[in-house]
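**Student:** Sequential numbering from 518 applies to the sequence shown in the working numbering.
Ideal placement from N, C-alpha and C gives every residue a C-beta, glycine not left out.
Fair warning: this is a prediction, and the values are worked out from it, not measured in the lab.
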Amino acid sequence: MEYKEYFMEQALKEAQKAYKKDEVPVGAIIVKDNKIIARGHNLKESKKDTIKHAEIIAIEKASKKLEAWRLENCDIYITMEPCPMCMGAIINSRIKNVYFGVKDEKAGACGSIVDLTEYKFNHIPYYEGGILEEKCKNILQRFFKELRKRKKENRGACIED
């Protein structure tokens, strides 16, 4: 297994944690010198906090571990393309490389709806998508299929009451 796939598998483990908590299953890890220094998964619903995306949580943990806000020689692996908020945090934290699994056609900031690397920020990370894309896509599709099913069942229960 190539190193990118290995690290994306680790991000998928984080996504699975989110899935078990009934959160949108997105996971992220931050790597420095080929070692994982931080992990995160979505906690938006359970924490009732808009910014508790996997990437933000991982960036906060990495900054705490390194005692620095600059994560210049770090890479981030995310199961889904980062949104504009998360890509902004990635740019501002000076993360070197962004690797993601599946594109986010509704909110992706690495080319799907906008490409934040096209702007003249003081730091522009390299990004690459499609790493273990099918696995990353499958966990999201399974989650949303189950969510739609539960919502449909709940609507039916309300009608019968």
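1. Quick one: Cα of Val548 to Cα of Glu562, how far?
2. Could you spell out where the beta strand (DSSP E) holding Ala545 opens and where it closes?
3. What do you reckon, are the CB atoms on Asp592 and Asn559 nearer than 8 angstroms?
4. Under 8 angstroms between the Cβ atoms of Ile515 and Ala532?
5. Report the three-state DSSP secondary structure of Tyr616 (helix, strand or coil).
6. Please report how far the alpha carbon of Ala585 lies from the alpha carbon of Lys569, in whole angstroms.
7. In the DSSP assignment, what are the bridge partners of Gly557?
8. For the alpha helix (DSSP H) that contains Glu589, what are its first and last residues?
9. Just to confirm the assignment: which complete beta strand (DSSP E) runs, minimum length 3, are found wholly within the segment 616–645?
10. Beta-carbon within less than 6 angstroms of Phe638's beta-carbon, same chain only, minus the 5 sequence neighbours each way: which residues are those?
11. Just tell me which of Lys564, Glu635, Ala626, Gly544 has its CA closest to the CA of Tyr594.
12. Quick check: Phe660 and Tyr536, are their CB atoms within less than 8 angstroms of each other?
13. Where does Gly646 land, buried or exposed, given buried means 16+ other C-beta within 10 angstroms?
14. Helix, strand or coil for Lys565? Go by DSSP, reduced to three states.
15. Can you list, in chain order, the residues of its chain with a C-beta nearer than 6 angstroms to that of Ile574? Leave out the 5 residues immediately preceding and following it.
16. Give me the Cβ distance between Asp632 and Cys600, rounded to the nearest whole Å; I'm assuming they're in contact under 8 angstroms.
**Tutor:** With the structure as the only source:
1. Straight-line Cα distance between these residues: approximately 26 angstroms.
2. Going by DSSP, Ala545 is part of the beta strand (DSSP E) stretching over 544–549.
3. No, Cβ-Cβ distance for Asp592 and Asn559 is not below 8 angstroms.
4. Residue coverage of the chain in this structure runs from 518 to 678, which leaves residue 515 outside it and unanswerable.
5. Note: Tyr616 maps to strand in three-state DSSP.
6. Taken atom to atom, the span from the alpha-carbon of Ala585 to that of Lys569 is near 20 angstroms.
7. BP columns for Gly557 point to Ala545.
8. The continuous stretches of alpha helix (DSSP H) do not include Glu589, and DSSP gives it neither H nor E.
9. For the segment 616–645, whole beta strand (DSSP E) runs of length 3 or above, ordered along the chain, are 643–645.
10. Correct list, in chain order: Ile608.
11. Ranking Lys564, Glu635, Ala626, Gly544 by CA distance to the CA of Tyr594 puts Gly544 first.
12. Closer than 8 angstroms, so yes.
13. Under a 10 Å Cβ-count criterion, Gly646 is classified as buried, with 16 or more other Cβ atoms of the shown protein chains found around its own Cβ.
14. Looking at Lys565 - three-state DSSP - the assignment turns out to be coil, as it is neither helix nor strand.
15. Closer than 6 angstroms at the Cβ level, and outside the excluded window around Ile574, lie Gly557.
16. Taking 8 angstroms as the upper bound for CB-CB distance, Asp632 and Cys600 are not in contact here, some 13 angstroms apart.
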